């Protein structure tokens, strides 16, 4: 994070101080990223705009060859969890095939730098993926885009629905079936 902020012209990390619990500090300027409003996870639209500004500056940190690779991807992306060992969909390969057949590029966040991710998400018109921190990147998507999340049978938490609203984007979700429901359906 420090190198990213430095690359965007914010002091190269020397003016950035992570405050520990119960630490007293004196500063001239303070920047706080607030993601809660009225005890509900609902980012303020101005915070989303600020984060989008950071993303737009990230392009200068990406080598031209890598930028060309990212530009070759569709503006519709599906974030895969194939590299994860947790919360992995049972039918992920089939889901990826279906998205690919509908014009989506499949990406894995672990294969990208922070700057790559910011650039990719800031040029996307549709972001699809399993609910989680990856789909929070929808805040970098231009207004008018669409976030499509899929959930376990335990259902949505609606956090990213609020994020999409603050980002002035559409929101869609699908709720999957549990192992037991799938097993019962096969009988």
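Numbering (the numbering used here), first residue to last: 14 to 200.
Every residue, glycine too, gets a C-beta built ideally from N, C-alpha and C.
This structure is a prediction, so every number in the text was calculated from the model and none was measured.
Item	Value
Could you name the residues that DSSP lists as bridge partners for residue 143?	163
How about residue 131 and residue 85: do their beta carbons lie closer than 8 Å?	no
Does DSSP classify residue 2 as helix, strand or coil?	The displayed coordinates of the chain run from 14 to 200. Any statement about residue 2 would go beyond what the structure contains.
On the CB-based measure, 16 or more other CB atoms within 10 Å of its CB, does residue 162 come out buried or exposed?	buried
Quick check on residue 67: does DSSP put it in helix, strand or coil?	helix
With DSSP as the reference, identify every bridge partner of residue 118, one or two as the case may be.	90
Pop quiz: residue 181 and residue 142 are said to be a contact at Cβ under 8 Å. What is the actual Cβ separation, rounded to whole angstroms?	With a Cβ gap of about 20 Å, residue 181 and residue 142 do not count as contacting.
Name the DSSP bridge partner or partners of residue 185?	161
Pull up the distance between the alpha-carbon of residue 171 and that of residue 144, whole angstroms please.	9 Å
Hey, quick one: how far does the alpha helix (DSSP H) through residue 174 stretch, first residue to last?	172-179
Candidates 128, 147 and 127: which alpha carbon is nearest residue 119's?	147
Quick one, which of 189, 185, 153 and 174 has its alpha-carbon nearest residue 165's?	189
Residue 117 and residue 87: beta carbons closer than 8 Å?	yes
Candidates 33, 78, 73 and 65: which alpha carbon is nearest residue 149's?	65
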